[in-house]
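Each protein sequence line maps, in turn, to chains A and B.
Going letter by letter, the first sequence gives residues 804 to 985 in the numbering used here.
Going letter by letter, the second sequence gives residues 804 to 985 in the numbering used here.
Glycine included, C-beta positions come from ideal geometry on N, C-alpha and C.
These notes concern the structure reproduced below.
Protein chains: 2
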Amino acid sequence: MSSDLVRRPQRADARRNFEALLAAAREAFAENGTEASLEDIARRAGVGIGTLYRNFPTRDDLFRSVYVEEIDQLAAVAVQVTDRPPWEALAIWLRRFVGYAATKRAIYEALNRDSEMFRSCREIMYAAGEPLFVRAQEAGAVRADATFDDVLRMVSGLVSAGYVDEAQRDRVLGYALDGIRG
Amino acid sequence: MSSDLVRRPQRADARRNFEALLAAAREAFAENGTEASLEDIARRAGVGIGTLYRNFPTRDDLFRSVYVEEIDQLAAVAVQVTDRPPWEALAIWLRRFVGYAATKRAIYEALNRDSEMFRSCREIMYAAGEPLFVRAQEAGAVRADATFDDVLRMVSGLVSAGYVDEAQRDRVLGYALDGIRG
DNA sequence: AGATTAGTGGAGGGGTGCCTCCGGTTCAAG
DNA sequence: CTTGAACCGGAGGCACCCCTCCACTAATCT
Chain A
804 MSSDLVRRPQ RADARRNFEA LLAAAREAFA ENGTEASLED IARRAGVGIG TLYRNFPTRD
864 DLFRSVYVEE IDQLAAVAVQ VTDRPPWEAL AIWLRRFVGY AATKRAIYEA LNRDSEMFRS
924 CREIMYAAGE PLFVRAQEAG AVRADATFDD VLRMVSGLVS AGYVDEAQRD RVLGYALDGI
984 RG
Chain B
804 MSSDLVRRPQ RADARRNFEA LLAAAREAFA ENGTEASLED IARRAGVGIG TLYRNFPTRD
864 DLFRSVYVEE IDQLAAVAVQ VTDRPPWEAL AIWLRRFVGY AATKRAIYEA LNRDSEMFRS
924 CREIMYAAGE PLFVRAQEAG AVRADATFDD VLRMVSGLVS AGYVDEAQRD RVLGYALDGI
984 RG
């Protein structure tokens, strides 16, 4: 499991700071996307900027630590739904995909930017979702001319748009999903 | 026509600079969204930052001058398609809407932010597109549970996502439009 | 050509962010 | 309790951006 990659420091105080930074970063990234100010993150965590840099030498290190977990959970969901009917399984996963996008902006950027970390996140997502998609498509539940990449980009675009309220977002997502049914 | 609101300076050199700034801004906004650096725009235009500020006291003034025209054209298209069948008219307009989003990021932001200018752009778009939508819906070509706002947000989200190529964007837009058919 | 002003541009003050470096602090092992 | 290693925090150098202000330049008028 990729979360193993998130190494925690040894000393008690160091560990505390590490966790605080992680929490602060989660917040900041959700609010401002990948571009959130590192100094702001350090401030939120009540920690010096130096401490941030020691734990996470690059912005990517920090981002990765924050999101690897959520992406992993997305992969876990994919496994859990395999016993559902093909279309339902895919729909559940896609809606979950949207749900995790409290990290919205970040995941949206992840699909489109190019970097070591983004690539690996993308790979995990694809590995998790594509089988569901293929199964649904083979069962005739998804139109034959669509690709998984199409669908993921479509959904990620929808997610990162702004809506009046949650209900509207759900409604719109519903239209789009109807559009890819076979 | 709102373009009348864009007053031009009188002196020949001033006029030249004004146009250069407009062109530079169009470029910069398309590349970096509404947040493009004003100093960069002045540089691109080969003009001092002071000149930029005299012509466009606020970022909004500049943005408005750049985009009002495109939005107006969108309104014009809405008029031109009124003699087509309801669904076709709407689809053409929506695809045109996407096309103008060379200004993508900007229009996307326009739907979601709040400011004097954004509001007025939004109003013009709604005034142009909503009648088409209502007509299509009354003709039964669009599902009854969708609103024009839903559709516009859906499309704008799709537009601002990243795609491998134009073909993919068109394909995805096609799925989404299928999803709102009645 | 000379006067008149509209128009110019960039220096400068204030702000924020990135990242490095290192003197000082604190944990925890003995 | 002592002490060395681990860890801390923020000052400081650099870069970029915003916006104002005003001495200067040159287009236009006569």
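- Distance between A:E891 and A:G943, taken at the CA atoms: about 13 Å.
- Straight across, the Cα-Cα distance linking B:Q813 with B:A970 is about 45 Å.
- For B:V975, the closest Cβ of chain A is nearer than 8 Å.
- In terms of beta-carbon proximity, A:Y966 lines the interface with chain B, with at least one pair separated by less than 8 Å.
- For A:G851, the nearest beta carbon of chain B is not closer than 8 Å to its own beta carbon.
- The alpha carbon of A:F900 has as its nearest neighbour, out of A:S840, A:R938, A:V954, the alpha carbon of A:V954.
- Of the candidates B:F936, B:P860, B:S840, B:F936 places its Cα closest to the Cα of B:T950.
- Counting C-beta atoms within 10 angstroms of its own C-beta, B:A979 has 16 or more neighbours from the protein chains shown and is therefore classed as buried.
- Between the stretch 838 to 846 of chain B and the stretch 872 to 879 of chain B, the count of Cβ pairs shorter than 8 Å is below three; the stretches do not touch.
- Taking a C-beta distance under 8 Å as the contact criterion, A:V850 and A:A823 qualify as a contact pair.
- Look at A:V954 here: in three-state DSSP terms it is helix.
- Residue contact check for B:D843 against chain A: no CB pair falls below 8 Å.
- For B:L935, no CB of chain A lies under 8 Å from its own CB, so it is not counted at the interface with that chain.
- Comparing C-alpha distances from B:I927 to each of B:E834, B:R972, B:E873, B:R846 shows the shortest one belongs to B:E873.
- Distance from the CA of A:P888 to the CA of A:A826, rounded to the nearest whole angstrom, comes to 37 Å.
- The three-state secondary structure of B:V871, taken from DSSP, is helix.
- Within chain A, the residues whose beta carbon sits less than 9 Å from that of B:L961 are R956, M957, G960, L961, A964, A979, listed in sequence order.
- Chain-ordered, the chain B residues with CB closer than 8 Å to the CB of A:A949 read R974, Y978.
- Between B:A964 and A:S959, the C-beta spacing is below 8 Å.
- For B:V945, the beta-bridge partners assigned by DSSP are B:R984.
- Spanning the alpha carbons of A:A939 and A:S923 requires a straight line of approximately 25 Å.
- A Cβ-Cβ distance of about 15 Å is found for the pair B:R898 and B:V945, leaving them out of contact under the 8 Å criterion.
- By the Cβ neighbour-count rule, A:A828 is buried, with 16 or more other Cβ atoms within 10 Å of its own.
- Not flagged as an interface residue toward chain B: A:G943, since no C-beta distance is shorter than 8 Å.
- Excluding the 5 residues flanking it on each side, A:R811 has same chain C-beta neighbours closer than 7 Å at R818, F821, in chain order.
- A:G853 counts as exposed, since fewer than 16 other C-beta atoms from the protein chains shown sit within 10 angstroms of its C-beta.
- Here B:T885 carries a helix assignment [DSSP, helix/strand/coil].
- With a cutoff of 8 Å on beta-carbon distance, B:G982 and A:G982 are scored as near each other.
- Rounded to whole angstroms, the separation of the alpha carbons of B:Y903 and A:R956 is 20 Å.
- For B:A827, the uninterrupted alpha helix (DSSP H) segment begins and ends at 815 to 835.
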